[in-house]
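Novice: Supplied in structure tokens, the structure appears directly below.
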Amino acid sequence: MLGTDDAPVRELVTRALDDDHATLVDDWVHRQLESHTEQDLRGEAADLLETLRAALSTAMPADRIVARDGAVRDALTSLSERRARAGAEPTATAMAILSLKRMMLAAVERHTDDAELRYRAALLVSELLDSAGVLTFAVYVTGREQIIRQQHNQMLELSTPVVRLWRHVLAVPLIGTLDSARTQVVMNNLLEAIQTHQARVAIIDITGVPTVDTAVAQHLLQTVSAVRLMGAECVVSGIRPSIAQTITQLGIDLSHIVTRGSLADALATAMRLIGDATPTGAVTG
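For the sequence shown, the UniProt record's numbering gives the first residue as 1, with consecutive numbering after it.
Shown next, in the form of structure tokens:
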């Protein structure tokens with residue numbers, strides 16, 4: 001088997017990277033200019049080529065450079081994450097690396113007429129850039145998943161606002177399905193708001209919750225219990241006839257919780273609980 005890590009091969013590839021640096025950068029920019037800015041592309045190419053050249057100048061085997069060389073991994077990770085944030089497809093990022101492989105192979109051919117040396121150099125370049133392409137794809141996917149999780153958390157925050165309706169009265173209008181993750185967000189936001197505003201009554205309005213099953217009821221019970229531990233009373237509003245029937249059929253006991261059919265009724269109940277039946281405590285502005 002022909003080796004790819006002997007000194008002449010590494011010296012040839014390193015020399016091609018040095019001598020053809022400007023050409024490689026220009027080719028990288030030309031091939032991708034339609035989807036990225038020239039400044040970003042030149043920065044990417046320069047960083048990646050320099051880290052690859054530096055890694056090849058060490059004694060680290062070529063098949064381990066991408067996995068173990070910190071500078072190479074950082075350059076590839078930065079490239080992938082930046083493109084993920086820009087919304088590029090993961091295959092496009094991997095193909096960009098593969099296009100660099102073709103450019104490097106062409107550069108190697110320009111620097112030697114020795115067929116055997118050229119072949120071994122091609123093996124080295126392929127080994128190195130194929131590993132780089134796999135890494136960029138993996139990093140891209142991981143980065144996109146992180147962005148999706150962050151956006152999901154932001155949507156949860158936006159979909160569970162805590163509204164101050166009156167002095168010492170807060171409300172959380174819920175819309176959509178109430179699952180475990182969302183329940184935790186509701187609970188955290190509501191408890192923090194109770195402490196901040198010194199609220200005495202918290203209204204949880206489920207008018208926008210399409211169905212109430214055992215799991216949803218348990219989530220509501222957990223939230224009510226947490227609110228009471230904070231020293232506040234909890235009123236659940238938006239109990240429609242269909243939901244009342246479902247709760248009864250499921251045998252869910254909500255008898256210890258104050259429930260009302262509408263948010264207006266819940267607010268009136270909250271006013272009585274805090275002993276304020278006048279509009280003097282209204283939140284304005």
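Yeah, the Cβ is synthetic: ideal placement off N, Cα and C, and Gly gets one too. Values in this document were obtained by computation on a predicted structure and should not be read as measured data.
Would you list the one or two residues that DSSP bridges to Asp205?
Specialist: Pro173, Ser237
Novice: Using 8 Å for Cβ pairs, my map puts Val216 next to Leu190. What's the rounded Cβ distance?
Specialist: That belief does not hold up - the Cβ atoms of Val216 and Leu190 are roughly 16 Å apart, past 8 Å.
Novice: Which value, in whole angstroms, describes the spacing of the CA atoms of Arg10 and Ala62?
Specialist: Spanning the alpha carbons of Arg10 and Ala62 requires a straight line of approximately 9 Å.
Novice: Once DSSP output is grouped into helix, strand and coil, what is the label at Thr77?
Specialist: helix
Novice: Which of helix, strand or coil does DSSP assign to Leu56?
Specialist: Correct three-state label for Leu56: helix.
Novice: So what does Thr259 bridge to, in DSSP terms?
Specialist: Val236
Novice: Under the three-state reduction of DSSP, which class applies to Ser35: helix, strand or coil?
Specialist: The answer is coil: DSSP assigns Ser35 none of H, G, I, E or B.
Novice: Given a threshold of 16 other Cβ atoms within 10 Å of its Cβ, counted over all protein chains shown, does Pro173 qualify as buried or as exposed?
Specialist: buried
Novice: Just verifying my parser: in three-state terms, what is the DSSP assignment at Val212?
Specialist: coil
Novice: Quick check on the DSSP output: the alpha helix (DSSP H) that includes Thr196 runs from which residue to which?
Specialist: Segment 180-197, the alpha helix (DSSP H) holding Thr196.
Novice: Please return the same chain residues whose Cβ sits closer than 7 Å to the Cβ of Glu109, not counting the five positions on each side in sequence.
Specialist: Arg118
Novice: For Ile194, is the classification buried or exposed, using 16 other Cβ atoms within 10 angstroms of its Cβ as the cut-off for buried?
Specialist: buried
Novice: Can you name, in chain order, every residue of its own chain whose Cβ lies under 6 Å from the Cβ of Thr183, other than the five neighbours on each side?
Specialist: His219
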